[in-house]
Amino acid sequence: MPLALVDHAESTRMRAEFTSTLETSCSLETEELEERLERACRGGEIIALVGPLGAGKTCLVRGLARGLGVPDQCTASPTFTLIHEYRGRLPVVHVDLYRLDAEEASNRLGLEEYLESPAVTVIEWADKIATLLPRDHLRIELEHRGDERRQITLFPLSASYQTLVRDVMNSARHRGGQSA
Numbered sequence: 004m005p006l007a008l009v010d011h012a013e014s015t016r017m018r019a020e021f022t023s024t025l026e027t028s029c030s031l032e033t034e035e036l037e038e039r040l041e042r043a044c045r046g047g048e049i050i051a052l053v054g055p056l057g058a059g060k061t062c063l064v065r066g067l068a069r070g071l072g073v074p075d076q077c078t079a080s081p082t083f084t085l086i087h088e089y090r091g092r093l094p095v096v097h098v099d100l101y102r103l104d105a106e107e108a109s110n111r112l113g114l115e116e117y118l119e120s121p122a123v124t125v126i127e128w129a130d131k132i133a134t135l136l137p138r139d140h141l142r143i144e145l146e147h148r149g150d151e152r153r154q155i156t157l158f159p160l161s162a163s164y165q166t167l168v169r170d171v172m173n174s175a176r177h178r179g180g181q182s183a
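Each residue of the sequence shown is one higher than the one before, counting from 4 in the working numbering.
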């Protein structure tokens, strides 16, 4: 059965079954997680980042961009410019919705174009536009656990992201990361 025809209850069951959680103890480990995620990207992925201020969302984007060949000095939070586009092995679009609400994001940014592009699109504060996101995306929730520790939960919201999350988690285990 195509994913688009899966009812809400089935979709919820699938999300719960494939949700993975790990903890990082420093910003470097947080960036390394995203570098591992990058290895699985083929282009066209949508990664929705959710978490409070200081949870490590920009740190994750920096790691992803580095893994895709974007120099570190290029990656900064686009809080005031709203969108940064980077060139690497794959194009990366970094969106920061901190200052916008859903209507502003939709009207001012032309977000639909980015969501349909072949770039890896990473959206900070994605919970603000949850209803605008396509069903097929990866949601990553970050929580600050004190000092530099973070709890990171990956929710593959479709079958196409399940393998990607499994690969990331297997890579984390081999490097000594914890998962639940």
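Just so it is clear, CB atoms sit at the ideal spot from N, CA and C, and this is done for glycine as well.
Keep in mind it's a predicted model, so treat the numbers as computed, not measured.
- Sorting Glu37, Asp150, Thr27, Val53 by C-alpha distance to the C-alpha of arginine 69 places Glu37 at the top.
- Valine 96 sits close to threonine 124, with the two beta carbons spaced by under 8 Å.
- Contact annotation: glutamate 127 and threonine 61 have beta-carbon atoms nearer than 8 Å.
- Here the alpha carbons of serine 174 and arginine 39 stand approximately 7 Å from one another.
- With a cutoff of 8 Å on beta-carbon distance, isoleucine 50 and leucine 118 are scored as not near each other.
- Beta-bridge partners assigned by DSSP to arginine 169: none are found.
- According to the DSSP secondary-structure assignment, proline 159 is paired through a beta bridge with Leu141.
- In the three-state scheme derived from DSSP, where H, G and I count as helix and E and B as strand, aspartate 130 is classed as helix.
- Secondary structure at threonine 84: coil, using DSSP grouped into helix, strand and coil.
- The residue among Val73, Ala58, Lys131 with its C-alpha nearest the C-alpha of threonine 156 is Ala58.
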